[in-house]
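In my numbering, the protein residues as written are 1 to 72.
A short worksheet on the structure shown next.
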């Protein structure tokens, strides 16, 4: 989790910890995100992090490449 936070801070990504009620895909390719706090956000990209445990794929090289191209 710490590595995730460092990466989003480094990239200048805004984290908004709120409950998403609806995501709409707009005609121009952007997204409208509706949340509990009421003000819709417009975004080009969304990272929807559910907070679940990773599920390994079980493919050759997965363990060796974890953190070097393979991530969950």
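Just so it is clear, CB atoms sit at the ideal spot from N, CA and C, and this is done for glycine as well.
Short Cβ contact (8 Å threshold) for residue i with residue j
i: residue 35; j: residue 19; result: yes
i: residue 30; j: residue 40; result: no
i: residue 56; j: residue 64; result: no
Neighbourhood of residue i by C-beta distance below 6 Å, restricted to the same chain and skipping five residues each side
i: residue 22; result: 34
Proximity to residue i [Cα-Cα], best of the options
i: residue 42; options: 4, 26, 66, 13; result: 26
i: residue 44; options: 24, 65, 66, 68; result: 24
i: residue 17; options: 10, 28, 48; result: 48
i: residue 53; options: 71, 60, 11; result: 71
Can you list, in chain order, the stretches of the alpha helix (DSSP H) that have 4 or more residues and sit fully within the region 1-26?
2-11
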